[in-house]
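If you're matching positions, the sequence shown starts at 1185 in my numbering and goes up one per residue. Reading through the structure tokens given below for one structure.
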Amino acid sequence: MISELFQTMHKARFSGIRIVPENSPSLQQTCVRAFVESVRRTRTQQQQCSEERLMQLQFLPAPLLTPILDRMCRYPELRGMLRDELTDPVLFMKLFNGYAPDYDTLEKCLREAARTAGRPAVLRDLAHNYCDMLRTELRVASLRKGETRDQPRIRARVLESLRFGDYLYEAGWCRCGAEVLALAQDLLGLLVPPATRALQLECLVRLLRAQIGACLTARASHTVQRLHAFLQQVGESAPQLPLVKAYLQLGSYYYHVQDYDRCHQWALRALASAADGDDAPAKGDVIDVLQLIALFCVAKERHDLANMLISQAVQRARTEYGGLHRKYADVLQQYGFVLLRMNAILPAITAFTECLDVTGRVYGLLSPHAVVLEGYLAHCLYLRSHTTGRFDMALRHAETALELASQLMPASRRVREQLERTRDLILRGPDQRRDTKESQPSRERDYHPFTLREIKEKFFELDSSFERDGLACSG
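Written as structure tokens, this is what we have:
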């Protein structure tokens, strides 16, 4: 049925004949509506017939597949079917690989599918199915290693896996992203001739970032060793390589393991290598560098400098990405964390609340990001309750975080234990030993935007004081 309609639509499209009013639905819209309505009717009559009809979706191009899935979002009774289609890696990748220009529609479908009763983790299940597909391809490719006809397909799959693993990381599914990127690394080893240095570096950097986000410290340590070996091999005389990204992730790793001296070393190299270019990757690198150095300054209790740096990152992210973007939400989360470490509780609550709103609009409130942010809000409101005397709001956020964690990541014991500790703190009531005085740092909007050169000058000027203080302490 759908194939005949698709052919008819194209014949009418290229004929140039229009026999309907301008404001009437197009033939494509009519076909989409008729197909989805037929799925609804057959669903109530025969489940098998409905599933056979949906199998036809695999043969459709993305420009027609996208509006069909979008139309299915209107009907709650089709959420289960929508979820099944989106967890099919072949169908999902058809939309993800750039054929569909409208990513907002794809993410809308993911948000709607996550509302399926009892099965909110759509991306997690999709990632597991995708990894199974990659493992099968790895086994087949290993048996036929060296055959030139397989090389373009393997290279295309590597590039796709890098993008998908990064997408999973940004969506909060860091462990799934790390698994996808690890398999991409294995596929990379099958390329003949070997992959370019830029591709090898990109894979290592993205893998390390996902492993840090998933708290896979042992695996991240192994990736760090490989990244160090790679950097020693290529040296610093390779301007075509994105070395600043490697420096950033090495600095992030050492911050994660609380080795602040090495974090400082790699943060300085990242800042020195960052370029304030007009292209989006360069601007993104500067924002990431500012966040890393702000975290280092907070760890060293240089709160004023940390606040200035993270404020510059927030301003740049808002200008570059807009107020409804996943990367802007990431910077807001770091901003809230810095404020929390500075004991600026009320501004931190404001930052986390805005971040939760942005994240909810992008990914929906059934995502790992929501678990983390609800936990942060519970902790902030608990600290704030020492002043207000109201602990009910903090408890509500803690319970919400625990409920989401049990639905989305039931196997993550570390997350659950952390949230349970926060809830126990709230239930015990106020801590009489706590100082209720909060700091009042300058607001993000109070800073005027600095150029990268001004930021480097300010940081390197103050950085010398770090060394003087360290020498004074050692003396």
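From the three backbone atoms N, C-alpha and C, an ideal C-beta is built for every residue, glycine too. Quantities reported herein were computed from a predicted structural model and do not represent experimental measurements.
Apart from the five residues just before and just after residue i, which ones in its own chain have a Cβ nearer than 6 Å to its Cβ?
{"i": "R1446", "result": "Y1438"}
{"i": "H1440", "result": "I1396"}
{"i": "S1596", "result": "none"}
{"i": "P1633", "result": "Q1499"}
{"i": "P1531", "result": "L1523"}
{"i": "C1360", "result": "R1308, A1311 and L1352"}
{"i": "S1569", "result": "F1575 and A1578"}
Look at the alpha carbon of residue i and the alpha carbon of residue j, and state the distance between them as a whole number of angstroms.
{"i": "R1159", "j": "A1368", "result": "In this structure the chain extends from 1185 to 1659, so residue 1159 is not present and cannot be described."}
{"i": "T1572", "j": "I1494", "result": "28 Å"}
{"i": "G1613", "j": "V1498", "result": "34 Å"}
{"i": "A1284", "j": "V1274", "result": "The pLDDT assigned to A1284 is 49, lower than 50, so where the model puts this residue is not dependable, and the model offers no usable value."}
{"i": "V1428", "j": "L1388", "result": "13 Å"}
{"i": "Q1240", "j": "I1252", "result": "12 Å"}
{"i": "F1219", "j": "Y1431", "result": "51 Å"}
{"i": "R1345", "j": "S1590", "result": "Sequence inspection shows Ser at residue 1345; the Arg mentioned does not correspond to that position. Each residue's Cα considered, the two are about 28 Å apart."}
{"i": "A1355", "j": "S1551", "result": "8 Å"}
{"i": "D1576", "j": "R1299", "result": "27 Å"}
{"i": "F1643", "j": "A1483", "result": "15 Å"}
{"i": "G1264", "j": "L1249", "result": "17 Å"}
{"i": "T1226", "j": "I1471", "result": "51 Å"}
{"i": "P1594", "j": "R1600", "result": "8 Å"}
{"i": "E1221", "j": "C1215", "result": "10 Å"}
{"i": "F1348", "j": "L1392", "result": "15 Å"}
{"i": "R1598", "j": "F1276", "result": "31 Å"}
{"i": "Q1242", "j": "P1625", "result": "55 Å"}
{"i": "L1479", "j": "A1490", "result": "7 Å"}
{"i": "G1468", "j": "R1502", "result": "11 Å"}
{"i": "H1563", "j": "D1443", "result": "26 Å"}
{"i": "E1641", "j": "R1607", "result": "44 Å"}
{"i": "A1382", "j": "P1426", "result": "7 Å"}
By Cβ distance, which residues of its chain are closer than 7 Å to residue i, with the 5 residues on each side in sequence left out?
{"i": "M1492", "result": "Y1631"}
{"i": "Q1395", "result": "A1362, R1403, A1404 and T1407"}
{"i": "A1305", "result": "L1592"}
{"i": "N1281", "result": "E1344"}
{"i": "I1338", "result": "A1325, L1371, L1374 and L1375"}
{"i": "C1315", "result": "E1363, V1364 and L1367"}
{"i": "A1535", "result": "L1516, Y1519, G1520 and L1523"}
{"i": "L1279", "result": "A1246, L1249, T1250 and L1290"}
{"i": "A1297", "result": "R1263, L1266, R1267, L1270 and V1306"}
{"i": "V1342", "result": "A1368, L1371 and L1372"}
Give the C-beta separation of residue i and residue j to the nearest angstrom, bearing in mind that I take them to be a contact with Cβ-Cβ under 8 Å.
{"i": "H1581", "j": "L1565", "result": "6 Å"}
{"i": "L1579", "j": "I1610", "result": "5 Å"}
{"i": "I1529", "j": "E1622", "result": "5 Å"}
{"i": "L1603", "j": "G1559", "result": "5 Å"}
Report all residues from its chain with a CB closer than 8 Å to the CB of residue i; omit the five preceding and five following residues, and keep chain order.
{"i": "L1474", "result": "L1493, I1494, Q1496, A1497, R1500 and I1639"}
{"i": "A1513", "result": "C1539, V1542, T1543, V1546 and H1553"}
{"i": "T1537", "result": "L1561"}
Using a threshold of 7 Å, is the CB atom of residue i nearer than that to any non-hydrogen atom of the ligand SAM?
{"i": "L1427", "result": "Only the bare structure without any ligand can be found here, which leaves the ligand SAM out of the picture."}
query = When the Cβ atoms of the region 1428-1435 are set against those of the region 1450-1461, are three or more pairs found closer than 8 Å?
reply = yes
ask   = In chain order, which alpha helix (DSSP H) runs of at least 4 residues are fully inside the region 1372-1408?
value = 1381-1397
ask   = Can you list, in chain order, the stretches of the alpha helix (DSSP H) that have 4 or more residues and sit fully within the region 1306-1348?
value = 1306-1327
query = What are the start and end residues of each continuous alpha helix (DSSP H) run of 4 or more residues lying completely inside the region 1589-1642, in chain order?
reply = 1597-1612
key: Complete alpha helix (DSSP H) runs within the region 1557-1584 (minimum length 4 residues, chain order)   = none
query = In chain order, which continuous runs of the alpha helix (DSSP H) of length 4 or greater are located wholly inside the region 1467-1529?
reply = 1487-1505 and 1510-1525
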